[in-house]
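Chemist:
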Ligand SMILES: C[S@@+](CC[C@H](N)C(=O)[O-])C[C@H]1O[C@@H](n2cnc3c(N)ncnc32)[C@H](O)[C@@H]1O
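Numbering (our numbering), first residue to last: 40 to 277.
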């Protein structure tokens with residue numbers, strides 16, 4: 040997979056071997072090439088309301104009884120934004136005009152650019168409630184036929200920025216009530232997973248919730264979290 044994804048970069052520079060490409064990356068002559076390689080190598084599969092049980096839990100068990108004054112949620116591997124905007128619809132319904140925000144981050148700059156636009160193909164909506172589609176999505180017409188844009192009332196509360204989960208978190212990130220870290224741990228070995236989970240949950244408020252995918256596990260990872268249901272964890276209150 041790595042070889043086939045990078046093959047076009049070898050072609051682009053007219054290189055014969057991956058070793059030559061590695062040297063080119065390290066020589067510093069093409070500083071933008073490293074990010075380009077990261078963008079090519081990451082797998083960005085995502086869709087609206089993926090793993091619907093998580094959104095039900097968020098709505099029923101967290102948002103319904105929410106008492107705080109500013110709800111902050113981090114989608115820590117946001118890809119093209121479908122996860123962040125799905126959450127946005129849940130928060131818009133449950134918290135309305137109260138103060139809330141969603142922060143989406145990813146290492147891939149291409150997916151971040153497309154997340155900021157918030158424009159998607161209509162045929163990627165299998166899991167979305169028709170009510171949300173009518174209320175929070177603007178259907179494109181003429182040249183935009185077949186696409187929709189997430190409504191401004193959601194987009195204005197959702198922001199995106201680059202974070203590489205393998206490096207220290209930005210100092211101004213702040214703390215979150217809920218963190219989604221779904222379908223990204225699968226790409227790392229146990230030691231890296233341990234490191235990333237530790238780093239990410241350091242940004243979780245006491246009592247905050249941490250979501251991973253149903254296909255992932257924290258089995259071999261040491262944390263202070265308690266499992267509420269499989270794939271949903273909570274940080275101790277104190
Ligand atoms: C399969 S997508 C998951 C998207 C979404 N969370 C979901 O569950 O549908 C995985 C995302 O993780 C991002 N990713 C991979 N390595 C990363 C890293 N070191 N730091 C931040 N994001 C990373 C990829 O760019 C990709 O967009």
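By construction, the Cβ of each residue, glycine as well, lies at the ideal position given by its N, Cα and C atoms. Remember, it's a predicted structure, so these values are computed and weren't measured experimentally.
(1) Which residue from 147, 98, 275, 162 puts its Cα closest to that of residue 200?
(2) Shorter than 7 Å, the distance from the beta carbon of residue 145 to the closest heavy atom of ligand 1, or not?
(3) Alpha helix (DSSP H) containing residue 273: first to last residue?
(4) What first and last residue would you give for the alpha helix (DSSP H) that runs through residue 171?
(5) Taking the alpha helix (DSSP H) that residue 153 falls in, what are its first and last residues?
(6) Under a Cβ-count criterion, where at least 16 other Cβ atoms within 10 Å of its own Cβ denotes burial, should residue 73 be classed as buried or exposed?
(7) Count the C-beta pairs between the region 147-159 and the region 73-83 that are closer than 8 Å, then say yes if the count reaches three, no if not.
(8) Going by DSSP, name the residue or residues bridged to residue 141.
(9) At which residue ranges does the region 188-271 contain complete beta strand (DSSP E) runs of 3 or more residues, listed in the order of the chain?
(10) Please tell me whether residue 220 and residue 267 are closer than 8 Å, where the distance is taken between their beta carbons.
(11) Give me, in chain order, the residues of the same chain whose beta-carbon lies closer than 8 Å to that of residue 255; leave out the 5 immediate sequence neighbours on both sides.
(12) Between the region 152-170 and the region 116-126, do at least 3 Cβ pairs fall closer than 8 Å?
(13) Check the C-beta distance from residue 175 over to residue 190 and give it rounded, since I have them as a contact under 8 Å.
(14) Verify whether the separation of the beta carbon atoms of residue 206 and residue 236 is less than 8 Å.
(15) Take the Cβ of residue 181 as the centre, count every other Cβ of all protein chains shown within 10 Å, and call the residue buried at 16 or more, exposed below.
(16) Expressed to the nearest angstrom, what Euclidean distance is found between the alpha-carbon atoms of residue 171 and residue 212?
(17) Using the C-alpha atoms, what's the distance from residue 161 back to residue 188?
(18) From the DSSP output, in three-state form, read off residue 178 for me.
(19) Taking all protein chains shown into account, do 16 or more other C-beta atoms lie within 10 angstroms of the C-beta of residue 44, making it buried, or fewer, making it exposed?
(20) Within the continuous alpha helix (DSSP H) that includes residue 126, where are the two ends?
(21) Cβ-heavy atom distance between residue 205 and ligand 1 below 7 Å?
(22) Quick one, are the C-beta atoms of residue 204 and residue 158 less than 8 Å apart?
(23) If you measure from the CB of residue 56, is any heavy atom of ligand 1 nearer than 7 Å?
(24) Tell me residue 63's beta-bridge partners as DSSP assigns them.
Modeler: Judging by the given coordinates:
(1) Within the chain shown, residue 200 is the residue found at index 161, counting from 1. It is 147.
(2) By 1-based counting over the chain shown, the position of residue 145 is 106. Result yes, Cβ under 7 Å from ligand 1.
(3) Here residue 273 refers to the residue found at position 234 of the chain shown. That residue, residue 273, is in no alpha helix (DSSP H); its beta strand (DSSP E) goes 271-273.
(4) For the purposes of this step, residue 171 is taken as the residue at position 132 of the chain shown. Where residue 171 is concerned, the enclosing alpha helix (DSSP H) stretches over 169-175.
(5) The count along the chain shown starts at 1 and reaches residue 153 at position 114. Residue 153: member of the alpha helix (DSSP H) spanning 148-156, first to last residue.
(6) Residue 73 sits at position 34 when you count from the first residue of the chain shown. With fewer than 16 neighbouring CB atoms inside 10 Å of its own CB, residue 73 falls in the exposed class.
(7) yes
(8) Here the question's residue 141 lines up with position 102 in the chain shown. 112, 197, per the DSSP bridge assignment.
(9) The region 188-271 is shown to contain whole beta strand (DSSP E) runs of 3 or more residues at 197-201, 215-219, 243-250, 265-268, in chain order.
(10) Counted from its first residue, the chain shown places residue 220 at position 181. Counted from its first residue, the chain shown places residue 267 at position 228. Cβ atoms of residue 220 and residue 267: not closer than 8 Å.
(11) Along the chain shown, read from residue 1 onward, the residue named residue 255 stands at position 216. Counting only Cβ-Cβ distances below 8 Å, and skipping sequence neighbours, we find 221, 222, 224, 225, 270.
(12) yes
(13) Taking the chain shown and counting its residues from 1, the one referred to as residue 175 is at position 136. Taking the chain shown and counting its residues from 1, the one referred to as residue 190 is at position 151. Yes, residue 175 and residue 190 are in contact; Cβ-Cβ is about 5 Å, under 8 Å.
(14) Numbered from 1 along the chain shown, position 167 holds the residue referred to as residue 206. Numbered from 1 along the chain shown, position 197 holds the residue referred to as residue 236. Result no, Cβ atoms of residue 206 and residue 236 do not sit closer than 8 Å.
(15) Taking the first residue of the chain shown as 1, we reach residue 181 at position 142. By the neighbour-count rule (16 or more Cβ atoms within 10 Å), residue 181 is not buried but exposed.
(16) Counting from one through the chain shown, the residue named residue 171 turns up at place 132. Counting from one through the chain shown, the residue named residue 212 turns up at place 173. One C-alpha to the other measures close to 29 Å.
(17) To locate residue 188, count along the chain shown from 1; it is residue 149. To locate residue 161, count along the chain shown from 1; it is residue 122. So the two alpha carbons sit approximately 10 Å from each other.
(18) As a working note, residue 178 is residue 139 in the chain shown. Strand.
(19) One-based indexing of the chain shown puts residue 44 at position 5. Exposed, by the Cβ-count rule.
(20) Along the chain shown, read from residue 1 onward, the residue named residue 126 stands at position 87. Residue 126 -> alpha helix (DSSP H) spans 121-134.
(21) Position 166 of the chain shown, counted from the start, is the residue given in the question as residue 205. Flag set: Cβ of residue 205 near ligand 1.
(22) The residue labelled residue 204 in the question sits at position 165 within the chain shown. The residue labelled residue 158 in the question sits at position 119 within the chain shown. Against a cut-off of 8 Å, the Cβ pair of residue 158 and residue 204 comes out as no contact.
(23) In the chain shown, residue 56 corresponds to position 17, counting from 1. Residue 56: no, Cβ never under 7 Å from ligand 1.
(24) By 1-based counting over the chain shown, the position of residue 63 is 24. BP columns for residue 63 are empty, so no partner.
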